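Here's the structure we're looking at; comments come further down.
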Amino acid sequence: MAVMLTNWAGNTAFRAQTVHHPSSLDELQRLVAAGSRVRALGSGHSFNDVADTTGDLVVLDRMPDAVEIDSAAAKVRVPARMTYARLAPLVHQAGFALANMASLPHISVAGSVATGTHGSGDAVPSLAAAVSSLDLVTADGSMLTLSRGDADFPGAVVALGALGVVTSLTLDLVPAFEVRQYVREGLSVDALADFDEIMAGGYSVSLFTDWRDTRVWLKRTEELTSPDWYGTTPADGPRHPLPDMPAESCTVQLGVPGPWYERLPHFRHDAEPSGAGDELQSELIVPREHAVKALRELYAIGDRIRPVLHISEVRSIAADDLWLSPFHGRDSVGIHFTWVRDVAGVLPVLELVEETLAPFEPRPHWGKLFTRWPACPDRFRSLARRLDPQGKFANDFTRILLGE
Ligand SMILES: Cc1cc2nc3c(=O)[nH]c(=O)nc-3n(C[C@H](O)[C@H](O)[C@H](O)COP(=O)(O)OP(=O)(O)OC[C@H]3O[C@@H](n4cnc5c(N)ncnc54)[C@H](O)[C@@H]3O)c2cc1C
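With the first letter of the sequence shown counted as 1, position 312 gets the number 312 in our numbering; the numbers rise by one all the way through.
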């Protein structure tokens, strides 16, 4: 009997015949070896069918969940299905931090890393770039460990679940730090001339815009003393990224210092993330040097975007060397769209946005909605065929990507 299981947004119903919750590595290995179509599901926050399968869906939420912190090496070994919300306080208690976090911490580490999930920060790469090693169960049920420096490693981190079931990941840590979060309102379109300076204005900077009104989420390690920072005014109370939503689910703002994991995400780990509850998301990633031109093009079609938009977010992400990463080889700006949950209404606008950004060679966020597929690097295709010759971990999503 097919199970009725959907992703977080409810726009994808997984077609798996069976959902498994193995509670030991041995059970997982036997399950993978015996299956003909297998795929791991993280916390189900992707907006497309990247995590879907018609066979066996494996959820690692009952696997041992011990976290191992190696203080001398500044590394943490994390079970794959653990969320950042659970991981971050443990890391903080040990005196460490993760260099970056996404807008919400409720997502699993393996699922986030597999799609190249990111936060914002000129000097900070995606969450995947923090991975120094990972363990996975491959198609025949055997274990494979790949570490930074291994030839296949850069292909195996952002891998969309196509190479096997990741069971644990080792992440780089940095010393714990404090962050102050400020929301600044009224950033004018003219301020795009100062885009680089604005994005360099904090450890992590996000612009939230409806392509008319723009507010800045500024996350700094130091106090902001400039009263009229780039012509903006300080918000007079806590703000939600969606202009009309109450801010209870948001992390503390107004410049109050606090630990990194309670400031870098926009949403608190102990509250429901969105507030809109009826959303879809897309994100197109453009090279940093084209960002201002790309943003100006989008402002010009703002009237077409707004009717199906809750809000857009603009973030910066440092380059990495992971083959499938949207940030591979280029410092980038992510242009994100939180859409209303109306696929038929959103699709033509998404296509318009993709066409508008096409001259800037955008790459899509793998976990969000897109219609234009980027080319698959040959070396990733070869790696997938070598590790999974029968296509056990393939699904409709990866078959399109791999051209099968
Ligand atoms: C409200 C909201 C806010 C978001 N904010 C951000 C943001 O700030 N930045 C950003 O970049 N993205 C953001 N996203 C997108 C989200 O981070 C990605 O979709 C991410 O992949 C979700 O992680 P997950 O654990 O839910 O993965 P899933 O959606 O469950 O799976 C994603 C992929 O990972 C694979 N996978 C999962 N677990 C394993 C495993 N153990 N082994 C092998 N493969 C595995 C799956 O097969 C699938 O291919 C947001 C999503 C939502 C709903």
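Just so it is clear, CB atoms sit at the ideal spot from N, CA and C, and this is done for glycine as well. These numbers come from a predicted model, not from an experiment.
Going by DSSP, what residue range makes up the alpha helix (DSSP H) through residue i?
i	result
T115	109-115
K293	291-300
F153	153-156
L218	It is not in any alpha helix (DSSP H) - L218 instead sits in the beta strand (DSSP E) that spans 214-220.
F397	396-402
T12	Careful: T12 lies outside any alpha helix (DSSP H) and carries neither H nor E.
T356	343-357
M199	195-199
By the three-class DSSP mapping on this structure, what secondary structure does residue i have?
i	result
D236	coil
V3	With a pLDDT of 48 at V3, under the threshold of 50, the modelled position of that residue is not reliable, and the figure given next carries that caveat. V3: coil per DSSP, three-state reduction.
Y182	strand
G231	helix
G55	coil
L171	strand
I68	Residue 68 is actually Glu in this sequence, not Ile. Three-state result, E68: strand.
D320	strand
F327	coil
V38	strand
S226	coil
L47	The amino acid occupying residue 47 in the given sequence is Phe; Leu does not appear at that position. Coil, per DSSP.
G119	coil
F96	strand
R417	For residue 417 there is no data in the structure shown, the boundaries of the chain being 1 and 404.
S312	strand
E361	coil
R386	helix
Leaving out five residues on either side along the sequence, give the residues of the same chain with a beta carbon under 6 Å from the beta carbon of residue i.
i	result
T115	W366, G367
D228	none
L387	T138, L163
Any chance the CB of residue i is under 7 Å from a heavy atom of ligand 1?
i	result
K75	no
T12	no
V349	no
L41	yes
S103	yes
L160	yes
V314	no
G367	yes
A88	no
V165	yes
G111	yes
S332	no
I107	yes
L60	yes
G35	no
A51	yes
Would you tell me roughly how many angstroms separate the C-alpha atoms of residue i and residue j, rounded to the nearest one?
i	j	result
V256	M245	21 Å
A16	D52	7 Å
H133	F153	Reading off the sequence, residue 133 comes out as Ser, not His. Looking at the two C-alpha atoms, the distance is approximately 8 Å.
R450	L295	As displayed, the chain neither begins before 1 nor continues past 404, which places residue 450 out of reach and without an answer.
S188	T214	7 Å
A276	D150	Since pLDDT at A276 reaches only 48, below the 50 mark, its modelled position is unreliable, and the value read off the structure follows with that caveat. Distance between the alpha carbons of A276 and D150 is about 43 Å.
E351	R315	21 Å
A162	A384	7 Å
G258	T12	37 Å
Q414	R263	Any question about residue 414 goes unanswered here, given that the chain covers just 1 to 404.
L146	S126	19 Å
D84	A110	In the sequence on display, residue 84 carries Tyr and not Asp. Going by the C-alpha atoms only, they are around 10 Å apart.
R212	A300	10 Å
H310	L207	14 Å
H20	R268	29 Å
T167	I69	17 Å
A344	D49	17 Å
R381	E223	47 Å
Please return the same chain residues whose Cβ sits closer than 8 Å to the Cβ of residue i, not counting the five positions on each side in sequence.
i	result
I285	I317, P326, F327, S332, V333, G334, I335, P362, R363, P364, H365
E354	L284, P362, F370, T371, R372
Using a Cβ-Cβ cutoff of less than 7 Å, which residues in the same chain neighbour residue i once the five nearest sequence positions on both sides are dropped?
i	result
S36	G55, K392
Y203	G121, V179, K219, R220, T221
Check for me: the beta strand (DSSP E) holding residue i runs from which residue to which?
i	result
F208	204-209
D412	Residue 412 lies beyond the stretch modelled for the chain, which goes from 1 to 404, so this question has no answer here.
L146	143-147
P79	75-79
T338	332-340
V19	18-20
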